[in-house]
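Novice: The opening position of the sequence shown corresponds to residue 85 in the working numbering, with each subsequent residue numbered one higher.
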Amino acid sequence: MGDSIFKSISSTDNPQGVLALVKMSQEENYTNEGTYVLVDKVQDPGNLGTIVRTAHAAGCSGVILTKGTVDLYNEKTLRSTMGSIFNISIIEDYDLSFTRNLKSEGYKLVCSSLDTEYNFYDIDFSGKLIITVGNEGNGISKEIYNLSDIKVKIPMPGGAESLNAAVAASIMIYEGVRQNLFGKKV
Numbered sequence: 085m086g087d088s089i090f091k092s093i094s095s096t097d098n099p100q101g102v103l104a105l106v107k108m109s110q111e112e113n114y115t116n117e118g119t120y121v122l123v124d125k126v127q128d129p130g131n132l133g134t135i136v137r138t139a140h141a142a143g144c145s146g147v148i149l150t151k152g153t154v155d156l157y158n159e160k161t162l163r164s165t166m167g168s169i170f171n172i173s174i175i176e177d178y179d180l181s182f183t184r185n186l187k188s189e190g191y192k193l194v195c196s197s198l199d200t201e202y203n204f205y206d207i208d209f210s211g212k213l214i215i216t217v218g219n220e221g222n223g224i225s226k227e228i229y230n231l232s233d234i235k236v237k238i239p240m241p242g243g244a245e246s247l248n249a250a251v252a253a254s255i256m257i258y259e260g261v262r263q264n265l266f267g268k269k270v
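(1) Taking the alpha-carbon of L265 as reference, which of R163, V217, G211 has the nearest alpha-carbon?
(2) Please check the pair G145 and E176, which I expect to be a contact at CB under 8 Å, by giving their CB distance rounded to whole angstroms.
(3) Leaving aside the five residues before and after Y202 along the sequence, list all residues of the same chain whose C-beta is less than 6 Å from its C-beta, in chain order.
(4) Please specify which runs of the alpha helix (DSSP H), each continuous and at least 4 residues long, are wholly inside the segment 166 to 209, giving them in chain order.
(5) Assess contact between the segment 192 to 200 and the segment 149 to 168, defined as three or more Cβ pairs (one per stretch) separated by less than 8 Å. Is contact present?
(6) Verify the contact flag: M240, CB atom, against every heavy atom of the ligand FMN, threshold strictly below 7 Å.
(7) Do K192 and I234 count as a contact pair if the criterion is CB distance below 8 Å?
(8) Would you kindly work out how many angstroms separate the C-alpha atoms of E259 and A142, rounded to a whole number?
(9) Consult DSSP for Y157 and reduce its assignment to one of helix, strand or coil.
(10) So what's G133 in DSSP terms, helix, strand or just coil?
(11) Taking Cβ to Cβ, would you say V102 is nearer than 8 Å to A249?
(12) With respect to the alpha helix (DSSP H) encompassing I257, which residues constitute its N-terminal and C-terminal limits?
(13) State the CB to CB distance for the pair L132 and T161, rounded to an integer number of angstroms; the pair is presumed to be in contact (CB under 8 Å).
(14) Output yes or no for whether 8 Å exceeds the beta carbon distance between Y120 and I148.
(15) Given F209, which residues of its chain have a CB within under 6 Å of its CB, disregarding the five upstream and five downstream residues?
Quick look at the structure:
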């Protein structure tokens, strides 16, 4: 394919030289173990892609998307996943039935909240967990917050008001990795 055709297909100024046409599977590769990441109305495609990539790198079972989350197939989201989108289950859970089903199977739903005395490193991240990441401006929706079993905060002694959604997700996901590999306390 010529450079001019390639550039006309790509939306970036400096494309990486790779294009693919892929038929996405409609089946959900569901597993009843490990950690899921619930993405609640995250709007920035870079954040969603980074969360998918981090969940894949950490060995999570899947990423659950709520209604109102940025399009998974947005070009920036796809680039941000760096191919991880093809290696981890992605579940669109617009009515939260999948999440409720996981809870009925013993999963604990973890939400971040400023209104708790528990820091994220105080809880046990082993076993069946759903780690929730909220919208960049509004946080976690009330419906999901009310479903949560555990509310934790990420301390910010520097005084910042909040963390980037993908950064907050990564911190909690990798606390789970740390605990599962090395035990709760180091």
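Heads up, the beta-carbon is just placed ideally off N, CA and C, and yes, glycines get one too.
Specialist: Put simply:
(1) For the residues R163, V217, G211, the minimum Cα distance to L265 belongs to G211.
(2) It is worth fixing the name first, because residue 145 is Ser in this sequence and not Gly. The pair is not a contact, with the Cβ atoms about 16 Å apart (cut-off 8 Å).
(3) If we look at Y202 and ignore the five residues flanking it on each side, its Cβ neighbours are V236.
(4) The segment 166 to 209 contains these whole alpha helix (DSSP H) runs: 181 to 188.
(5) Segments in contact, no.
(6) Inclusion of the ligand FMN in the displayed structure is not the case, the ligand content being empty and no account of it being possible.
(7) Yes, the pair counts as a contact, with Cβ atoms nearer than the cut-off.
(8) Cα to Cα, E259 sits roughly 10 Å from A142.
(9) It is coil, neither helix nor strand.
(10) The three-state reading of DSSP puts G133 in helix, counting H, G and I together.
(11) No; because the gap between Cβ atoms is not below 8 Å, this pair is not in contact.
(12) 249 to 266 is the extent of the alpha helix (DSSP H) around I257.
(13) Yes, L132 and T161 are in contact; Cβ-Cβ is about 5 Å, under 8 Å.
(14) It is a contact, given that the beta carbons lie within the stated cut-off.
(15) Only E259, G260, Q263 meet the Cβ criterion.
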